[in-house]
Structure formats: C-alpha cells, structure tokens
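Chemist: First the structure, then my questions, so here it is.
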Amino acid sequence: MDQDHLSKDWKFCHESECTPDVKPIISQMPRTVRAILFEPEEVDLQFTSVKYQPSTETDPFPRPDIRSYFKTPQRDTVLTNLKRLDGKCLGHLLHVFFGQLELNMPVNRAIENFTGKADLKPWYGSVIVLRFKDNCRDYEDVKNSDVKALLAYFLTFKRSH
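Each step along the sequence shown adds one to the number in full-length UniProt numbering, with nothing skipped, and position 99 is 99.
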C-alpha cells in the first residue's frame, strides 16, 4: 500500500474504498432454553436447561449442546408438529432427540411411566425435547402444553425410523 492511501481519513475515504473481500463471521453468544428431559433411570420427566448456539448466516439451524445427555455421539432426531390430545395442531415444531435403538441402552422408565406403560414399542436411552420458535432458526422455552402434546406423540409414535 502506498502512504497516500494509508494517510487518508478513515471515516470519509478509507472505509468506503477498502472493504474486506469476506464478510466477518459474527459469533453469537450461546443461549439457554428450558427443555423436557426423559432419562431412562428416572421415574418422571424433568425440565432442564440446554445451551445452544444460535443460527447464523452460514448455519441456518441452532446447534444445541446435548452431548452430556447421551452416552454415544450417535443420536436420531425428529422434527414434529405435534397435536394436542384433542387432535388440534400445536402450530409449532418440537425437536425430539433420542439415542440409537440398538445400542443396548436401558428402557426409558420416565417415558413408560409418562404413557402409563401403554403397550407400545419401548424407547431406549435419554430423550430430550426442544421447542422451535416460529421460523425454526431459534429455540424458545418449552411450555406446559408441549408436555400434553408429547403424551399424544408417544402414544401414537410407530418406531419405524
């Protein structure tokens, strides 16, 4: 660069003439939301806090940090627009994370108790549920209405995945 270029007033000239070729990556601070947790060793569901990295321009989906809830890095995920017990749609998506089915994980007692031990295919390992905001680019705290909708979901879910 020449001296003349470097000595220009930044605010009036240099800023408009020198623009970076690449947009800077804006890193957002992790956020925390309330989630529903079904642990295999527990009798009842629990509410827990989950940290997540918000979506960005280059990564359109939020990234929850749920590693501590699963024994293996392999887990499945389901996005579902749940219906309440009366059959009406909730109008938002829930993000359901669960462990692989064939990894010798214990049966999830919390889900068994939650569903009244209905004659269903069992769930194994941990299950954690996050609630998407309207645009699916961010999460928000789960609501009490989500718990009732999850009951309907577990009672009708066919483990064909």
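Where is the CB? At the ideal position from N, CA and C, for every residue including glycine.
Based on the DSSP secondary-structure assignment, which residues constitute the bridge partners of residue 124?
Modeler: 107, per the DSSP bridge assignment.
Chemist: From the DSSP output, in three-state form, read off residue 140 for me.
Modeler: Strand, per DSSP.
Chemist: Pick from 56, 92, 37: whose alpha carbon is nearest that of residue 114?
Modeler: Closest option to residue 114, Cα to Cα, is 37.
Chemist: Rounded to the nearest angstrom, what separates residue 31 and residue 39 at their Cα positions?
Modeler: Approximately 23 Å between the Cα atoms of the pair.
Chemist: Between the alpha carbons of residue 110 and residue 44, how many angstroms are there, rounded?
Modeler: If you take the alpha carbons of residue 110 and residue 44, they lie about 5 Å apart.
Chemist: Run through DSSP, which three-state label would residue 154 get?
Modeler: DSSP places residue 154 in helix when its eight states are reduced to three.
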